[in-house]
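In our numbering, the protein residues as written are 730 to 964.
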Ligand code: 6GU
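This is the structure:
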């Protein structure tokens with residue numbers, strides 16, 4: 730998968746060189762390229778923002794650098810992925826990012842992320858982007874971050890680990906929170922007794938059918954307690 734990220738803080742994405750995603754990049758499974766939006770400015774101050782029409786607090790990202798950046802990156806289609814890219818703008822005003830979103834996007838050969846800052850990006854950029862690819866505005870949740878960078882880091886990690894070959898043991902992907910709409914069951918390791926706290930005896934029983942049933946109950950119970958919205962099918 731090829732992923733391009735445009736940001737005024739490309740250094741934010743340094744940690745993508747670590748851990749499983751870093752290894753996947755080294756192995757050629759993931760081709761992640763970060764770009765400084767200011768590369769597509771032409772004035773001495775490399776200006777990317779301006780005051781909002783209609784007034785109001787804060788600054789808005791100018792359309793011109795975004796237009797040039799997206800034109801260039803969208804036209805740079807890799808041979809293995811000639812189709813139009815999915816162009817994602819992280820935004821607290823977007824659709825909610827879920828495990829289902831991650832699964833969908835993990836099947837795409839090519840993603841472009843555009844990280845906004847300030848009060849957002851000039852709205853016309855989204856319409857222009859829609860002429861270059863399939864545009865999605867995506868939010869991590871109902872709270873506000875200062876910019877899209879941290880959100881894009883989270884999305885790339887959630888998407889990247891679903892790409893075949895990134896996570897060593899694919900079985901570890903299926904028994905997780907959110908993969909089937911329930912939270913994960915509790916895990917324990919040695920010692921069996923620790924500071925007076927015991928591992929649930931059923932896990933030491935060797936009865937795998939009973940263990941499976943117990944884990945299932947735990948998942949439902951936890952989900953009811955912590956995330957009743959998931960059981961109600963609200964999301
Ligand atoms: Cl994707 N961006 C920003 N700036 N804030 C957010 C968000 C995204 N998701 C939740 N809050």
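Heads up, the beta-carbon is just placed ideally off N, CA and C, and yes, glycines get one too.
*So the beta strand (DSSP E) residue 763 belongs to, where does it begin and stop?*
760-765
*Inspect the beta-carbon positions of residue 720 and residue 809 and report whether they are closer than 9 Å.*
The requested residue 720 is not part of the displayed model; the chain covers only 730 to 964.
*DSSP-derived helix/strand/coil call for residue 805*: coil
*For residue 753, collect the residues of the same chain with a Cβ closer than 8 Å to its Cβ; drop the 5 residues on either side in sequence, then sort them by chain order.*
759, 889, 892, 894, 895
*Is the segment 765-773 close to the segment 822-839, with three or more CB pairs under 8 Å?*
no
*Complete runs of the beta strand (DSSP E) confined to the segment 871-902 [at least 3 residues]*: none
*Nearest CA to the CA of residue 872: which residue from 926, 849, 821?*
821
_Exposure of residue 785, with buried meaning 16 or more beta-carbon neighbours within 10 Å_ = exposed
*Would the beta-carbon of residue 736 be found less than 8 Å away from any heavy atom of ligand 1?*
no
*Around the C-beta of residue 903, are 16 or more other C-beta atoms found within 10 angstroms, so that it is buried, or is it exposed?*
exposed
*Identify which residue in 897, 847, 798, 824 has its Cα closest to the Cα of residue 878.*
847
*Classify residue 779 as buried or exposed, calling it buried when 16 or more other Cβ atoms lie within 10 Å of its own Cβ.*
exposed
*Got a sec: does ligand 1 put a non-hydrogen atom nearer than 8 Å to the Cβ of residue 870?*
yes
*Can you tell me where the alpha helix (DSSP H) with residue 958 in it begins and where it stops?*
957-960
*For residue 843, count neighbouring C-beta atoms within 10 Å of its own C-beta (all shown protein chains included) and say buried if the count is 16 or more, exposed if not.*
buried
*Could you spell out the range, first to last residue, of the alpha helix (DSSP H) harbouring residue 833?*
828-835
*Are there three or more Cβ pairs, one per stretch, closer than 8 Å when the segment 916-932 is compared with the segment 857-866?*
no
*Name the two residues that bound the continuous alpha helix (DSSP H) containing residue 751.*
748-755
*Leaving out the 5 sequence neighbours to the left and right, which residues in its chain are closer than 8 Å to residue 792 when beta-carbon positions are compared?*
850, 851, 853, 854, 857
_I'd like the list of long-range same chain contacts for residue 939, defined as Cβ closer than 7 Å, with 5 residues on each side in sequence excluded._
931
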